[in-house]
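Here's the structure, in structure tokens; my notes come after.
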Amino acid sequence: MARMKLPNADWQERRGLPELLAALDGRARYVGGAVRDSLLGVDVKDVDIATPLLPDDVMARLKAVDITVVPTGIDHGTLTAVLPDGPIEITTLRRDVSTDGRRATVAFSDDWREDAARRDFTINALFADPDTLEIYDYFDGLNDLEARRIRFIGSADERIAEDHLRILRYFRFLARFGLTSMDQEAYQACRSAAEKLPQLSRERIADELMKLLAVNDPSYAVQQMIGADIFAHILSEIDPDTEQILARLIQREQAHAIPPIATRRLIALLPKNTEKVATIAEDLRFSKKLQKALQSRLAAPTDELAAVNATSVPALAYHHGEEATRDIALLFAADTDLAASLATLEGWQKPEFPLKGGDLISMGMEPGPAVSETLAKIEQAWIKQGFPNEEHVYNLTKQALERDKITRKI
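Here the sequence shown stands for residues 37 to 446, numbered as in the working numbering.
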């Protein structure tokens, strides 16, 4: 019986890839996401290659043909080849010697099936020959892929015990495939092992969570994670209305053709309190950029967030930026105000406040702390009045200086 073949795709023509494969002398296969996504007709981002060749041999072969290679995970058999169209990971076939739920001790192997058996899901254990494009399927992953079924290889309990992160990966793939039902054995295995999630590094948890939230519609997966108490072990607190907030957010994104952003979805999960969010962000070791993004979307008082409309949007955008304000509107605006709020942001450009501290001094104000205080008050009045022109700002300034004179006399 003829093997199924991988369809031809642009990623197979990446510059430097033919030379890399030639250096490995036919002892290599594509594996994992590149095979899976090609069969699904999805764009391939990362290309992984498996080989029975030992890491030192792989490194020597690639250097001999002037391919830059980095020993990114050489203890576990992984090298990264730096090609013009992006890096490619090459990993020696492995078998697990021991696992503790966080990391594995591995031994190198020359057995393709043995390597496939240590992977998480059947759909991720598919190999393809680069020359013939024939697919090697050791655990019925092709049928699972056709059925859009996420199935652990062998025992779900055993696969999760090897690496607890597979709990979150299971729900991510559930979300990625847009599934609205799940295997009960897998669900119970995830639920039973959820208490082990805190043993993982915070960075691995955060990375997997953000990948999950970035898929087109993670609402069903999030609902099941709440039911299985997954979040109780990775976030100190979630919004009690997460399911409803997330479902409404996704509906709004789709209705207004706005691409999904993980940060925006994360806010739907988190309590709407900047101090609590800061604690969670520190605990999961979010990047400074992500922490700043979260705070900017929750910085306004709760009553202001609830009253987002076309009138208040410019002031929010001035303080927090267009992107953050769009997220605020999608999350918090009333249904009757959303369309107008989003329309106001189209093509919005931040106006420049036309007044400096030196202007106040030249108009007679004494230098000192009062200058910056007065300047801030004038700017707030300018924002509140909808960013009027310079003449109006001049009148605001005169009024402020008159008040300053009266105050000093008193």
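In this text, a Cβ means the ideal position worked out from N, Cα and C, and glycines have one as well.
For residue 258, three-class secondary structure by DSSP: helix
Local conformation of residue 402 per DSSP, three classes: coil
Residue from 331, 326, 376, 74 whose Cα sits closest to the Cα of residue 345: 376
Selected residue, minimal CA-CA separation from residue 295, among 208, 430, 363: 363
Residue of 321, 201, 163 minimising C-alpha distance to residue 39: 163
Cβ-based burial, residue 438 [other Cβ within 10 Å; buried from 16]: exposed
Cα-Cα separation, residue 48 to residue 131: 27 Å
Member of 396, 355, 254 whose CA lies at the smallest distance from the CA of residue 386: 355
Delimiting residues of the beta strand (DSSP E) encompassing residue 172: 171-173
Nearest candidate by alpha-carbon position, reference residue 55, set 90, 97, 76: 97
DSSP-derived helix/strand/coil call for residue 79: coil
Rounded C-alpha distance that separates residue 70 from residue 393: 58 Å
Whole-angstrom distance between residue 159 and residue 181, CA atom to CA atom: 6 Å
Nearest to residue 286 (by Cα), restricted to the options 277, 173, 300, 186: 300
Residue range of the beta strand (DSSP E) that includes residue 101: Where residue 101 is concerned, there is no enclosing beta strand (DSSP E), given that its DSSP letter is neither H nor E.
Residue 54 (DSSP reduced to helix, strand or coil): helix
Simplified DSSP assignment, three categories, for residue 186: coil
Element boundaries [alpha helix (DSSP H), containing residue 373]: 371-381
Spatial distance of residue 436 from residue 312 (CA atoms): 38 Å
Three or more C-beta pairs below 8 Å linking the region 88-104 and the region 56-75: yes
Per-residue burial, residue 237 [other beta carbons within 10 Å of its own, 16 or more giving buried]: exposed
Backbone CA spacing between residue 256 and residue 197 [nearest angstrom]: 24 Å
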